[in-house]
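Presented below is the structure to which this report refers.
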Amino acid sequence: MKAAGIILIILCIAALAGVVYYYASSSLTVTYIDCVATDPMSRPELMESLKTQLEEDTFAGLKLAQETAFSPADSLLYTWTVRISNRTRIPAKAAEIRIIPLSGDIIQLNGTVETMLEPGKETVIEPGRDELIRITVLTGSGVHHVREAIVSWYLWGMPFSQRMTIGQSTR
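Each number in the numbering used here corresponds to the 1-based position in the sequence shown with 198 added.
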């Protein structure tokens, strides 16, 4: 009976060590892919929609400046793409990216996993999957494209985040 008790204690310690290791090694890999600049004048329907949403206070994105009035002729749309790889065995929830704004940034349009932009749908990156997040910022025409960003997600119900520079060449 004493030997069985010792074996059970050793098994419990091994199981606890496995859970601690599993928890400590649970992380996502975040990789910057690219940045594309778009002239807002080439997207008149989007610009008109954004102006209407801002005027009617129905804009669903993030306002980066107190004054959100803009002229498409004096603006740029920067779209950054980031890959999030979940190599854990548990789903990552609520993955998103937020730009740390520079002077001249006006609004952030998105920043969640593309395939999950439906209202009310929880953003989940399943184990073993890669997802792309595209984030678009409307900014003044003289502002460069390199930004600091914070990528955040939940694993095990705990918040995690990673600060990174996006817009720089990865070569």
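No residue lacks a Cβ here, since even glycine has one placed at the ideal position from N, Cα and C.
Between the CA atoms of residue j and residue i - distance to the nearest angstrom
| i | j | result |
| --- | --- | --- |
| Lys261 | Ile288 | 33 Å |
| Ser247 | Gln360 | 32 Å |
| Leu275 | Ala293 | 22 Å |
| Ser223 | Phe257 | 38 Å |
| Gly326 | Ile231 | 19 Å |
| Pro238 | Gly340 | 14 Å |
| Leu206 | Tyr220 | 21 Å |
| Gln306 | Leu336 | 7 Å |
| Met356 | Val218 | 14 Å |
| Ile397 | Gly338 | Here the chain covers residues 199 to 369 and nothing more, so residue 397 does not appear. |
| Ala212 | Ala201 | 16 Å |
| Val280 | Asp303 | 19 Å |
| Asn284 | Thr227 | 7 Å |
| Asp272 | Thr229 | 31 Å |
| Leu209 | Thr334 | 51 Å |
| Glu243 | Ser269 | 14 Å |
| Ala263 | Trp354 | 34 Å |
| Ala215 | Glu254 | 55 Å |
Residue i: first and last residue of the uninterrupted beta strand (DSSP E) it sits in
| i | result |
| --- | --- |
| Val344 | First-last for Val344: undefined, no H or E at that position. |
| Pro357 | Met356 to Ile364 |
| Ala293 | Ala290 to Ile298 |
Segment limits, alpha helix (DSSP H) that includes residue i
| i | result |
| --- | --- |
| Leu330 | Where Leu330 is concerned, there is no enclosing alpha helix (DSSP H), although the beta strand (DSSP E) it sits in stretches over Asp328 to Gly338. |
| Ser283 | It is not in any alpha helix (DSSP H) - Ser283 instead sits in the beta strand (DSSP E) that spans Ser273 to Asn284. |
| Gln251 | Pro242 to Glu253 |
Assigned secondary structure, residue i (DSSP; H/G/I helix, E/B strand, else coil)
| i | result |
| --- | --- |
| Ser223 | coil |
| Leu307 | coil |
| Leu315 | Only weak support exists for where Leu315 lies, its pLDDT of 48 falling under 50; the coordinates are left without a value. |
| Leu206 | helix |
| Ala408 | The question about residue 408 has no answer, for the chain in this structure spans 199 to 369. |
| Thr321 | coil |
| Leu214 | helix |
8 Å contact criterion, which residue i and residue j should meet: CB distance rounded
| i | j | result |
| --- | --- | --- |
| Thr277 | Arg241 | Not confirmed; about 11 Å, so no contact. |
| Thr266 | Leu252 | 5 Å |
| Ala250 | Lys291 | Note on identity: in this sequence residue 250 is Thr, with Ala being the wrong assignment. No, Thr250 and Lys291 are not in contact; Cβ-Cβ is about 32 Å, not under 8 Å. |
Does the stretch 292 to 306 come close enough to the stretch 341 to 354 to have 3 or more Cβ pairs within less than 8 Å? With contact defined as three or more Cβ pairs closer than 8 Å, the stretch 292 to 306 and the stretch 341 to 354 are in contact.
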